[in-house]
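The numbering of the sequence shown is our numbering, which starts it at 2 and goes up by one. In this text, a Cβ means the ideal position worked out from N, Cα and C, and glycines have one as well.
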Amino acid sequence: MSTAETAKNSQYFIDLEDQHGAHNYHPLPVVLDRGEGVFVWDVEGKKYYDFLSAYSAVNQGALPS
Numbered sequence: 002m003s004t005a006e007t008a009k010n011s012q013y014f015i016d017l018e019d020q021h022g023a024h025n026y027h028p029l030p031v032v033l034d035r036g037e038g039v040f041v042w043d044v045e046g047k048k049y050y051d052f053l054s055a056y057s058a059v060n061q062g063a064l065p066s
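Written out as structure tokens, the structure is:
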């Protein structure tokens with residue numbers, strides 16, 4: 002997938018969230034692709050440390066380590 006296609010897909014999902022998501026907080030402008038332990042990757046391949054733990058009450062990480 003090219004960078005232009007990936008960016009287009011990211012914007013598509015961000016627009017869907019804006020239209021249909023709960024607006025109780027302002028989400029980060031990132032579309033996540035996968036997670037492993039305490040790390041998550043966006044659809045562009047950038048790696049993040051998941052300090053938010055999916056912003057939920059149950060912090061279990063992405064996968065068992």
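Once the 5 residues before and after Tyr49 are set aside, which same chain residues still bring their CB inside 6 Å of it? Val41
Run through the DSSP bridge pairs and tell me what Glu37 is partnered with. Phe40
Over what stretch of residues does the beta strand (DSSP E) that includes Lys47 continue unbroken? First-last for Lys47: undefined, no H or E at that position.
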